[in-house]
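Residue numbers (this note's numbering), protein chains in the order written: chain A, 9 to 429; chain B, 12 to 305; chain C, 502 to 800.
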């Protein structure tokens, strides 16, 4: 699942009077280069040990970057064409893009934009493969990309229209899952960590030898503990707790042990399984929860009157934190491909990315966004600065990638066993 | 001791224990709903602590009240839309099926009868799953309002059949036969004799289908296409446990309850008026509706 | 003479509708359960032709029903919840139905109206009402603390089986009482009077005359709520967010709305349906046998 897979709508997470986004100019510091750049080296795949995904496309991993194939019957559009008249059809997660940003695009390019939303990836795929959909732009995730390309759902991009791609972090201009950004451009980056109520829980994750153990030591908070309702996320956390960095493992022994670890939480703390961390932690109905960074960045908005944001805590490891990125692609059957490219370019603009973030809580991987400035200028409370994702975090993190068919079944079954109680 | 026992268990006297139990049950059944309705008028954001009286969740609050929240309005509209379409299709189909089944003498009657009974005892999730699969994989029908209507009609038909059939059985064939003896064609006998006699039952089935559709959750959810086709039960299911859910949800549910009760109340009085001179009715409309003939 | 096709033709549209939208979908579930998946998107590829059926998925699903495995645990739990809930519904519902049918005279009208009202209130709204009451700061906790029964607020919504069972009882009992009342209402008074005339005490009359006569009604009403309850998943979802109380319906829902293995979900649906069909057959066999016995005893 995805942070956006929840049925309720999000509201603007920062409504502070006088907070004019325009004060942050585009000429801010470029983040210094950070370590771990070896991971973004453009090594080719094809060595043994690389798993094959559907359609003969190797599954991308950080250590096995993949250049997605181009097909003769699925070519990019020509350069230098004029934009179509619209309306532009967006197919996005619910409440994942700032309505004001969309309106800005409409004004600037004198077109109508219409958004259709989906609640989860399966629903999106079902709609797109049914042949009845007619969207232009689609928001997708790392584990869906190879399938989308193999199934020829998305079209290759023509970088002639994407001048703003240079605003993006270098490693995400050439990401391991889509080398040379053939089919996608990045949208947001986020981490998965643990959120807790500092006023209700005695020990913070950092006080434990193994910080993940805060969840396993929670019997005194029984009924107030939650994990994310996502087959990959929760099991991945159980793996990381054991020091297993390959969160895409297809080893049944490891996955089943992760499931048993998770099932312990059911008996220890009657763990809840949902994606309401962003409201339940501020409301106090959950004290400890696995959470997404963007959710907690926006959590202060949901606090009751008079409660200070300092009651919220978010932890993720400095190294090997579980990081994810979302991206935007253009569908193969898009009726307005040039306009779609223009939209992608628009979203990669520094200003627009920042505006989107103030509504979203999820950080776009743009060089102009300085995480320290975000805290100092009050976008994010100081005690939640760990929700920010820096380039270095992404470089040192682990990512949930696509699995083979057997791997998917393995993980799904483990998840179903955990959910059976 | 015997006197105390008799005092309790006299079937001809006034059984106080049973009476007490019954009234307690009624309270237990209805009071929680009344409290939920009460909280829809809560001044604060809590659904469990009373903070004063206010109508903000209905129309006061500019963002979250039922009147102003586009999602809430859309859910209400969709619920009513589906209910209307469901009534439109399910009642004629069900009435026809009831008439046909009661009068059918041939071999096909029994299997069709069983076919009609099965949706009544099928769990909704089984129906939801099967409809979802068949729409996507076989019929190529897109999920959304059309699919939801098709699904709702499918399980509503059986209820219509039961209601109408009960009435048909109690009417009996004599009136039509009398009309036929007097020279009417089968179609005329049907039109002029049977239809007016059936009117109260048909009317009752309209109301039952309305209520079934308004309350339906599983089939509607499985066949929905995302937020534009959300109904009120789906909205409740999605937000019931949410930490930020306000009493606006209670307000939305209350609006739905009021609409349904108004419709039912109206129907009841029309039914009584229509059935006042009907043969075969006991005049106690309540008894008619509750005398289920499966 | 009316033509033979006159009356059946009324039934034709409805019958066709049910065939297309009930019977065929049932077959679609079978075709998906015994079908395959497309390799790229894991969309189910149904096997319409029985010759193409493959049973690997079903075999692996059935393997998980062995004692100790995933589906076994959930099934046992579901059986327990349903059994307890139906028993609870009967315990509460029978006295109420009995009172309404046999005793309430002046108040019968009002009571019937009150009885029917929950039907017009959405199931989920009734659950919503209880959620409001069961919050840590809700009325239930506050009353219990006030009465001194408990000293700390209890987390009723934190994955407790008792909460789920009580919610199931609350949700389904109206659907039991109404048919039960309809049956009890029809029991002839004179039969009960005969029992009294022959010297039976009120309690004996109840146990030896009333209860046996209402047995069929009890069974029918119980079946009417048991079968849907087996497929219930939303009660658990709203009353308890925890896997600790998940029912078989939750597992089916998981595979369909949250996963890529719809074939597994379809297999689960088939297993559930077969189980319910067996239950239904047992019920029918019992009632047919009972009515045969009554016929014999009357001859």
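Even for Gly, the Cβ is constructed at its ideal location relative to N, Cα and C.
May I have the straight-line CA-CA distance separating residue i from residue j, to the nearest angstrom?
{"i": "residue 412/A", "j": "residue 125/A", "result": "27 Å"}
{"i": "residue 105/B", "j": "residue 171/B", "result": "5 Å"}
{"i": "residue 662/C", "j": "residue 733/C", "result": "14 Å"}
{"i": "residue 414/A", "j": "residue 256/A", "result": "12 Å"}
{"i": "residue 600/C", "j": "residue 722/C", "result": "17 Å"}
{"i": "residue 70/A", "j": "residue 407/A", "result": "8 Å"}
{"i": "residue 307/B", "j": "residue 625/C", "result": "Residue numbering for chain B in the displayed model covers 12 to 305; residue 307/B lies beyond these limits and cannot be assessed."}
{"i": "residue 703/C", "j": "residue 619/C", "result": "32 Å"}
{"i": "residue 556/C", "j": "residue 512/C", "result": "38 Å"}
{"i": "residue 283/A", "j": "residue 343/A", "result": "35 Å"}
{"i": "residue 154/B", "j": "residue 112/A", "result": "32 Å"}
{"i": "residue 166/A", "j": "residue 129/A", "result": "26 Å"}
{"i": "residue 730/C", "j": "residue 505/C", "result": "41 Å"}
{"i": "residue 183/B", "j": "residue 202/B", "result": "16 Å"}
{"i": "residue 90/B", "j": "residue 636/C", "result": "28 Å"}
{"i": "residue 383/A", "j": "residue 369/A", "result": "13 Å"}
{"i": "residue 110/B", "j": "residue 129/B", "result": "18 Å"}
{"i": "residue 164/A", "j": "residue 400/A", "result": "29 Å"}
{"i": "residue 239/A", "j": "residue 423/A", "result": "5 Å"}
{"i": "residue 168/B", "j": "residue 101/B", "result": "5 Å"}
So the beta strand (DSSP E) residue i belongs to, where does it begin and stop?
{"i": "residue 218/A", "result": "Note, residue 218/A: premise wrong, no beta strand (DSSP E); not H, not E."}
{"i": "residue 194/A", "result": "192–205"}
{"i": "residue 367/A", "result": "Residue 367/A -> not in any beta strand (DSSP E); alpha helix (DSSP H) instead, spanning 358–368."}
{"i": "residue 100/A", "result": "96–101"}
{"i": "residue 297/A", "result": "296–300"}
{"i": "residue 234/A", "result": "233–236"}
{"i": "residue 282/A", "result": "280–282"}
Identify every residue that forms a DSSP beta bridge with residue i.
{"i": "residue 148/A", "result": "335/A"}
{"i": "residue 72/A", "result": "69/A"}
{"i": "residue 82/A", "result": "79/A"}
{"i": "residue 126/A", "result": "101/A"}
Residues of chain B with CB under 9 Å from residue i, in chain order?
{"i": "residue 505/C", "result": "116, 117"}
{"i": "residue 636/C", "result": "57, 58, 59, 60"}
Within 10 angstroms of the Cβ of residue i, are there 16 or more other Cβ atoms? Answer buried if so, exposed if not.
{"i": "residue 429/A", "result": "buried"}
{"i": "residue 202/A", "result": "buried"}
{"i": "residue 231/A", "result": "buried"}
{"i": "residue 651/C", "result": "exposed"}
{"i": "residue 307/A", "result": "buried"}
{"i": "residue 644/C", "result": "exposed"}
{"i": "residue 122/A", "result": "exposed"}
{"i": "residue 115/B", "result": "buried"}
{"i": "residue 28/B", "result": "exposed"}
{"i": "residue 211/A", "result": "exposed"}
{"i": "residue 542/C", "result": "buried"}
{"i": "residue 790/C", "result": "exposed"}
{"i": "residue 691/C", "result": "exposed"}
Anything in chain A within Cβ reach of residue i, meaning under 8 Å, just list it in chain order.
{"i": "residue 252/B", "result": "282, 284"}
{"i": "residue 659/C", "result": "230, 231, 232, 278, 280"}
Terminal residues of the continuous alpha helix (DSSP H) containing residue i?
{"i": "residue 321/A", "result": "From DSSP, residue 321/A is part of no alpha helix (DSSP H) but of the beta strand (DSSP E) over 320–323."}
{"i": "residue 419/A", "result": "413–427"}
{"i": "residue 752/C", "result": "749–758"}
{"i": "residue 107/B", "result": "81–114"}
Taking Cβ-Cβ distances shorter than 7 Å, what residues in chain A pair up with residue i?
{"i": "residue 745/C", "result": "274, 278, 429"}
{"i": "residue 542/C", "result": "133, 137, 155, 159"}
Does residue i have its Cβ less than 8 Å from a Cβ in chain D?
{"i": "residue 255/B", "result": "The structure shown has no chain D; the protein chains it does contain are A, B and C."}
What does residue i reach in chain C if we use C-beta pairs closer than 9 Å?
{"i": "residue 226/B", "result": "620, 621, 622, 623, 624, 625, 626"}
{"i": "residue 207/B", "result": "Within chain C, no residue comes near residue 207/B; the closest Cβ sits about 17 Å away, beyond 9 Å."}
{"i": "residue 63/A", "result": "540, 541"}
In chain B, which residues lie with their C-beta within 7 Å of the C-beta of residue i?
{"i": "residue 739/C", "result": "248, 251, 252"}
Using a Cβ cut-off of 8 Å, pull out every chain B residue sitting near residue i, in sequence order please.
{"i": "residue 295/A", "result": "Ordered by position in chain B, no residue passes the 8 Å Cβ test against residue 295/A, which lies about 12 Å from the chain."}
Is residue i near the ligand ADP, in the sense that its beta carbon is under 7 Å from a heavy atom of that ligand?
{"i": "residue 705/C", "result": "With respect to the ligand ADP, the structure shown offers nothing to examine, as it has no ligands at all."}
Give the interface partners of residue i over in chain C, defined as CB-CB distance under 7 Å, in chain order.
{"i": "residue 417/A", "result": "762"}
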